[in-house]
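Note sheet for the following structure.
Number of protein chains: 6
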Amino acid sequence: MTEYMDELDAFSYREKIAAGAPVLIPAGSIEQHGRHMPLNVDVLLSRAMAGRTAKQIGAIVAPPIVYGYKSQQRSGGGNHLTGTTSLDAETVIAIAKALVLEFARHGAGKIGIINGHFENYQFLYEGVDLALRELRHGGTEDVTVMLLSYWDFVDDRTIDELYPDGFTGWDLEHGGVLETSLMLHLFPERVDMTQVDDVPPAELPNYDVLPVRPELTPASGCLSSGANASAEKGKLLLDRATSAMAGAIAAEFDLTDSGT
Amino acid sequence: MTEYMDELDAFSYREKIAAGAPVLIPAGSIEQHGRHMPLNVDVLLSRAMAGRTAKQIGAIVAPPIVYGYKSQQRSGGGNHLTGTTSLDAETVIAIAKALVLEFARHGAGKIGIINGHFENYQFLYEGVDLALRELRHGGTEDVTVMLLSYWDFVDDRTIDELYPDGFTGWDLEHGGVLETSLMLHLFPERVDMTQVDDVPPAELPNYDVLPVRPELTPASGCLSSGANASAEKGKLLLDRATSAMAGAIAAEFDLTDSGT
Amino acid sequence: MTEYMDELDAFSYREKIAAGAPVLIPAGSIEQHGRHMPLNVDVLLSRAMAGRTAKQIGAIVAPPIVYGYKSQQRSGGGNHLTGTTSLDAETVIAIAKALVLEFARHGAGKIGIINGHFENYQFLYEGVDLALRELRHGGTEDVTVMLLSYWDFVDDRTIDELYPDGFTGWDLEHGGVLETSLMLHLFPERVDMTQVDDVPPAELPNYDVLPVRPELTPASGCLSSGANASAEKGKLLLDRATSAMAGAIAAEFDLTDSGT
Amino acid sequence: MTEYMDELDAFSYREKIAAGAPVLIPAGSIEQHGRHMPLNVDVLLSRAMAGRTAKQIGAIVAPPIVYGYKSQQRSGGGNHLTGTTSLDAETVIAIAKALVLEFARHGAGKIGIINGHFENYQFLYEGVDLALRELRHGGTEDVTVMLLSYWDFVDDRTIDELYPDGFTGWDLEHGGVLETSLMLHLFPERVDMTQVDDVPPAELPNYDVLPVRPELTPASGCLSSGANASAEKGKLLLDRATSAMAGAIAAEFDLTDSGT
Amino acid sequence: MTEYMDELDAFSYREKIAAGAPVLIPAGSIEQHGRHMPLNVDVLLSRAMAGRTAKQIGAIVAPPIVYGYKSQQRSGGGNHLTGTTSLDAETVIAIAKALVLEFARHGAGKIGIINGHFENYQFLYEGVDLALRELRHGGTEDVTVMLLSYWDFVDDRTIDELYPDGFTGWDLEHGGVLETSLMLHLFPERVDMTQVDDVPPAELPNYDVLPVRPELTPASGCLSSGANASAEKGKLLLDRATSAMAGAIAAEFDLTDSGT
Amino acid sequence: MTEYMDELDAFSYREKIAAGAPVLIPAGSIEQHGRHMPLNVDVLLSRAMAGRTAKQIGAIVAPPIVYGYKSQQRSGGGNHLTGTTSLDAETVIAIAKALVLEFARHGAGKIGIINGHFENYQFLYEGVDLALRELRHGGTEDVTVMLLSYWDFVDDRTIDELYPDGFTGWDLEHGGVLETSLMLHLFPERVDMTQVDDVPPAELPNYDVLPVRPELTPASGCLSSGANASAEKGKLLLDRATSAMAGAIAAEFDLTDSGT
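What follows is the structure, encoded as structure tokens:
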């Protein structure tokens with residue numbers, strides 16, 4: 001049976017929840033990803049990451065958070081770019097809070113958020129914190145929520161394999177090797193490698209300035225080049241990251257038997 | 001080229017927007033739809049309706065609003081049901097407002113919201129109103145937004161064809177002939193007709209009571225039977241509704257040439 | 001003793017509440033109602049409907065919600081019209097929530113909202129839902145709230161009697177036969193029948209467009225003509241609707257003995 | 001023609017607004033006022049004060065703000081008392097803001113709020129400030145709002161006449177000579193002088209403590225005795241206060257000719 | 001050991017809280033105070049008042065609320081003045097609410113807010129009320145909060161000593177004898193008496209008008225003259241007010257042994 | 001003249017603003033910092049960093065944001081710890097927004113926020129973004145805001161000098177060498193080196209889990225040891241970071257002449 005909640009009917013979903021399945025919520029964004037990838041990379045990747053992870057631990061994947069927090073220049077090119085379509089912090093917080101409360105109402109006590117858009121993290125965190133505070137006030141103490149950004153589960157060994165010439169940090173990976181490789185492996189029909197703008201990584205200041213100075217973002221909107229991406233690298237990233245996430249979730253939630 | 005924004009790269013999207021393409025935003029929900037259909041029927045149908053409509057008028061389909069307002073007992077079975085996963089009004093309002101503001105920032109002056117979940121409507125309306133008020137304060141006067149619920153574009157002739165034994169109203173169509181037929185036509189692999197609970201339409205009071213009395217909702221969660229649904233009816237519904245919506249949008253936005 | 005809370009002193013009110021009296025809250029609006037009726041028709045009628053209903057079941061009528069949600073073009077002419085004075089959704093929600101919480105604090109476990117302004121409904125619903133959620137978190141489970149729109153209690157037989165030439169739907173009844181007749185019966189001094197603009201019903205699209213196109217609203221602001229209104233029809237409407245509402249409330253709240 | 005907006009039809013209202021009439025908004029509350037007066041004293045008095053003032057300067061009286069901010073123990077007995085029915089600060093602020101924005105939209109540039117409930121004041125002030133900030137952002141600079149509490153327009157001479165044995169301050173006047181006299185003059189049928197609890201003024205601390213200590217509020221809920229009230233005193237208060245308010249408003253708004 | 005929380009390490013703080021120490025929160029503002037005093041007078045004085053009071057009753061002084069509600073013309077000169085830096089009501093409410101909830105989480109059941117900026121009061125009150133409501137919903141009933149404005153603890157005898165020529169009311173004391181004297185006693189290096197603008201008290205109307213008429217505020221921004229201020233008066237004020245506050249808090253919180 | 005706004009009188013402040021001085025806002029928190037440092041380390045250090053930076057570029061230092069966002073376990077030990085006193089995200093956002101709007105009202109077009117509490121950053125960013133959006137709607141385009149976290153201005157060379165045995169990342173620097181050294185240099189009387197808990201750095205997972213597992217935070221509350229801290233290191237850190245920040249601000253704001 002599918003691990004994707006949106007493909008399940010309510011009765012099948014209820015059985016899984018009643019059996020104690022964790023719920024994993026992918027959190028994406030609609031954000032420009034250069035000329036070579038579509039606007040919903042973060043939705044596709046967070047959902048796929050959650051799906052592969054869920055398969056390993058018998059979890060359910062909730063429908064994704066499609067629109068996320070504003071793109072920031074130092075991690076996503078900036079929210080001034082046409083195509084990038086974002087929500088205010090308050091709304092991202094409210095969505096995360098509502099989803100935790102709703103899944104808790106369903107009876108899910110083990111919830112994970114699989115983040116695929118850097119800028120979302122703190123707002124998802126706040127939403128979770130508010131939901132748990134409200135649950136606690138209502139006398140519910142047995143809900144636990146994990147927040148994971150999938151790139152944090154790419155270990156140093158993998159980084160060395162993927163970036164033989166040196167790694168410039170996750171912040172500059174917007175539209176670069178990581179995302180492009182994963183897309184090539186998972187959704188090759190959505191990537192046009194002939195359109196990669198193979199230029200050196202962006203040089204961005206160690207602070208933010210608002211309104212952004214648009215000239216600081218490369219013309220492609222990507223902060224580093226995806227030219228060295230490959231489907232093989234994508235498979236490696238997917239395997240390593242989901243395996244590590246599955247391990248962390250199984251340990252934290254004390255899952256005794258895995259899924260598949 | 002695809003009409004779906006989430007499959008477009010930002011540069012192609014910018015060209016379409018610059019050429020004056022309207023943007024259509026599907027608004028769905030995650031809501032139980034009986035034993036025979038998945039939880040994301042409203043997302044799938046609003047997105048497909050928007051897609052077919054967009055094709056006829058050269059519009060872009062924005063990524064869908066996946067989570068919607070709470071299911072109400074008289075139109076969706078009620079929000080007490082496990083699987084149904086909803087947002088508070090404030091959040092639905094905020095999402096609609098943010099999307100209008102973001103598409104306006106992109107340069108889109110012609111925006112439509114294609115609603116596929118009855119309960120969303122008033123909150124989408126408020127979000128649009130707030131966005132336009134904010135735009136007006138900022139000096140932007142040239143943004144127009146249409147709000148359409150797709151079933152309102154099913155005309156009386158079609159209703160007579162679809163419901164030869166009499167029509168009980170859109171409010172009871174939750175999980176019934178309309179939605180099941182559309183799903184059979186568009187996503188047959190997601191429907192299991194053997195699981196349709198073929199019982200008479202629910203009898204619900206002419207008021208709301210909260211907390212809901214769960215016994216008023218049929219065991220299936222559907223308010224009427226989908227047993228008489230068929231892919232042919234679905235095709236008819238899709239053709240008639242999208243054709244009517246395309247006509248209304250083209251007229252309202254004064255679109256001189258159509259798409260495709 | 002009066003059923004109107006605002007005419008009661010606090011001590012008399014406390015006795016009634018302690019005896020288990022339900023509380024009915026009228027929800028109106030300040031909205032243009034043509035040249036022949038005043039701006040507070042919705043306040044007057046919801047309050048009178050609540051009053052007559054309360055008399056039959058021993059309920060208390062709370063002071064009315066005077067200002068309501070924005071007038072929408074398809075049910076009230078639109079909020080662009082001067083005189084119409086409205087609140088944002090968030091505020092209507094907050095008022096409904098606060099009133100439910102306050103009456104619950106007083107000890108009222110049976111609360112009804114008698115809506116007299118179409119556009120209010122979904123926002124009142126959300127306010128009630130939020131209040132009950134907060135009460136539930138605080139451990140209070142014994143508060144029930146009904147939401148009623150008085151026109152939903154006009155049965156088909158009455159409609160046939162009132163509209164011998166055919167009924168065009170409640171949505172077009174803004175300033176028409178229903179409201180004018182009720183005003184003629186209840187507050188004849190506030191109606192000037194010489195000012196009725198006797199034109200055919202408005203023809204409005206099956207969608208909303210914002211900003212509204214003002215030319216779609218008839219010059220009078222009324223969506224149908226009140227020329228066929230009469231005090232007799234008003235009496236019939238009042239009797240039938242309040243009797244039906246009283247029956248529904250008594251049944252839902254299990255009221256064993258009726259009022260005066 | 002009446003000065004009360006809620007009795008006007010929209011067309012007559014528009015004429016008055018177009019002629020430059022100021023709009024006065026009464027702000028009341030639903031609050032216990034002892035055994036001898038009804039729960040809506042603050043609504044009745046603020047509305048009557050506004051009405052008499054409006055008559056002198058050709059102003060329009062908006063429908064009242066019926067529900068106000070929470071009663072505080074040192075000025076209204078406290079919000080723990082059954083019957084007192086209040087809104088949170090945020091909602092009072094939102095109502096005041098919305099009304100200023102709506103009347104400004106109508107074209108009213110001269111708006112007054114006539115406050116009749118001590119605890120409302122700061123929240124009305126904030127609502128006005130937020131509305132004017134929003135108007136300013138939108139380019140509207142020609143709206144002016146006055147905030148008046150009617151008791152501030154009772155001068156020292158009148159206080160000496162009304163309280164020959166000494167005045168204990170407006171804060172303790174809740175349910176006392178001021179309000180009871182005004183009610184006796186304006187709405188004698190709503191006062192039952194046999195129910196006045198003629199005890200010395202309450203002795204309340206010079207700070208607030210929450211939760212309130214209920215024993216600090218007198219059993220009647222009134223903070224001073226209304227036994228010395230009379231209709232004559234009420235007439236005097238009404239005349240003096242409305243005359244002073246009319247003078248202040250006419251001067252501030254530079255009204256060259258008065259009304260009626 | 002210091003009574004100031006911000007100078008304590010967390011472990012020492014925990015011991016004091018565990019021993020039942022009350023927490024006093026100073027509430028100030030950043031507001032112009034004439035040519036002779038700095039912008040943070042209200043922060044300095046509320047913190048010092050809280051400190052002296054805390055010493056007498058073994059309380060802890062929380063870090064101050066630095067930014068407060070908008071300055072109003074009749075009590076602080078108005079928020080149009082450059083230098084005055086204020087928060088909206090909603091934010092002041094949220095801060096007060098959060099602090100009560102946080103100190104309650106720490107285990108503090110006895111909390112006082114020492115207000116030093118007139119305009120803050122009602123918003124602090126609302127924040128406290130909301131916090132206690134949330135605590136009550138969560139099952140916590142043993143938290144009590146006092147709200148004190150320090151000038152309310154200056155008794156009539158002291159006023160007579162300080163203002164031999166007559167007292168014009170606390171509202172006009174902005175930048176006058178009270179604040180200047182306290183500053184001279186506590187922070188003489190922050191006062192420049194040569195810069196006092198010795199003019200008669202401001203004459204302000206008995207209502208508010210927004211936008212403010214700037215000409216109503218004296219050029220200095222002070223509403224009365226501080227020329228008669230002295231360090232001796234400051235010491236007297238400090239001693240009398242803190243002694244009275246300490247007494248009130250000890251009595252209300254039933255503190256059996258006092259501090260240092 | 002002092003660079004600290006809270007020590008300036010309003011008239012001197014106005015002169016500086018009129019002369020084009022940038023405003024730097026320190027953002028701290030009240031958070032446990034082990035047994036050896038006080039709860040307001042983040043306030044003290046962000047204010048001192050802002051002060052030294054301001055001196056070099058002729059800027060004004062605004063009063064600090066004293067209470068900040070919740071401490072998170074992976075960067076501050078967690079918000080479950082007694083003593084740590086935090087605000088919700090919404091409130092931090094509102095404070096940052098309000099301050100930008102207020103300083104813009106004063107005429108300041110060059111604003112910097114000097115962050116001293118890791119968890120604040122994204123919420124400060126959102127507040128700035130909302131303020132600039134509101135200013136833009138109001139027609140103000142000439143306000144620029146920089147957001148800086150002071151540790152981002154410690155360069156690699158300095159890190160090598162300070163951590164000869166290897167650097168474990170800023171995230172674990174809570175209560176460690178960085179903060180302790182700065183405190184030893186700036187506020188030696190507030191540090192008690194005998195109380196440093198000299199244990200290895202905390203090992204924290206690469207995700208968040210809520211509610212936090214308290215056992216993951218070391219008993220001291222510090223995430224790494226401050227035992228190797230020294231005043232000399234503090235001076236070095238202060239000099240290097242403020243010099244780099246001054247350079248960045250001067251460049252970004254195009255300041256032609258520096259201060260002092």
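The listed protein sequences derive, respectively, from chains A, V, B, G, X and L. According to the UniProt record's numbering, the stretch in the first sequence is residues 1 to 260, in order. According to the UniProt record's numbering, the stretch in the second sequence is residues 1 to 260, in order. According to the UniProt record's numbering, the stretch in the third sequence is residues 1 to 260, in order. According to the UniProt record's numbering, the stretch in the fourth sequence is residues 1 to 260, in order. According to the UniProt record's numbering, the stretch in the fifth sequence is residues 1 to 260, in order. According to the UniProt record's numbering, the stretch in the sixth sequence is residues 1 to 260, in order. Heads up, the beta-carbon is just placed ideally off N, CA and C, and yes, glycines get one too.
C-beta atoms of residue i and residue j nearer than 9 Å
i: SER46 (chain A); j: GLU119 (chain A); result: no
i: TYR150 (chain L); j: THR242 (chain L); result: yes
i: GLU31 (chain L); j: THR91 (chain L); result: no
i: GLY34 (chain A); j: VAL196 (chain A); result: yes
i: ASP6 (chain A); j: ALA62 (chain A); result: yes
i: HIS137 (chain A); j: GLU134 (chain X); result: yes
i: SER181 (chain L); j: GLY234 (chain L); result: yes
i: PRO201 (chain G); j: ALA231 (chain G); result: no
Of the residues the options, the one placed nearest residue i, counting alpha carbons only
i: residue 311 (chain V); options: V:GLU189, V:ASP42 and V:GLY109; result: As shown, chain V starts at 1 and ends at 260. That puts residue 311 (chain V) outside it, with no answer to give.
i: residue 261 (chain X); options: X:GLU203, X:MET193, X:THR158 and X:MET146; result: Outside the shown range of chain X (1 to 260) lies residue 261 (chain X), about which nothing can therefore be said.
i: ALA219 (chain X); options: X:GLY175, X:GLU232 and X:MET193; result: X:GLY175
i: ILE25 (chain G); options: G:ASP9, G:ASN115, G:GLY138 and G:LEU223; result: G:ASN115
i: VAL191 (chain B); options: G:GLU3, G:ASP9 and G:TYR4; result: G:ASP9
CB contact check: residue i to chain X, cutoff 9 Å
i: GLY259 (chain L); result: Low local confidence applies: a pLDDT of 43 at GLY259 (chain L) is under 50, so the model's placement there is unreliable, with the coordinate-based value given in what follows. No - not a single Cβ of chain X is within 9 Å of the one on GLY259 (chain L).
i: MET183 (chain L); result: no
9 Å Cβ cutoff, residue i in contact with chain V
i: HIS137 (chain L); result: yes
is_contact[residue i, chain B] using C-beta, thresh 9 Å
i: THR85 (chain G); result: yes
Assigned exposure category for residue i - 16 Cβ within 10 Å defines buried
i: MET1 (chain G); result: exposed
i: ILE17 (chain V); result: buried
i: VAL199 (chain V); result: exposed
i: THR260 (chain A); result: Since pLDDT at THR260 (chain A) reaches only 41, below the 50 mark, its modelled position is unreliable, and the value read off the structure follows with that caveat. Looking at its Cβ environment, which holds fewer than 16 other Cβ atoms inside 10 Å, THR260 (chain A) is exposed.
i: ARG74 (chain X); result: buried
i: ARG52 (chain L); result: buried
Residue-level contact to chain G via CB, residue i, 9 Å cutoff
i: ARG133 (chain B); result: no
i: ALA98 (chain B); result: yes
i: ASN228 (chain X); result: no
Test: residue i CB closer than 9 Å to a CB of chain A
i: ILE159 (chain L); result: no
i: PRO214 (chain V); result: no
Proximity test, Cβ basis, 9 Å: residue i and chain L
i: VAL23 (chain A); result: no
_Between the region 222-234 of chain V and the region 132-142 of chain B, can you find at least three pairs of beta-carbon atoms closer than 8 Å?_
no
Do the region 198-215 of chain A and the region 71-81 of chain A meet, that is, are 3 or more Cβ pairs less than 8 Å apart?
-> Touching, yes.
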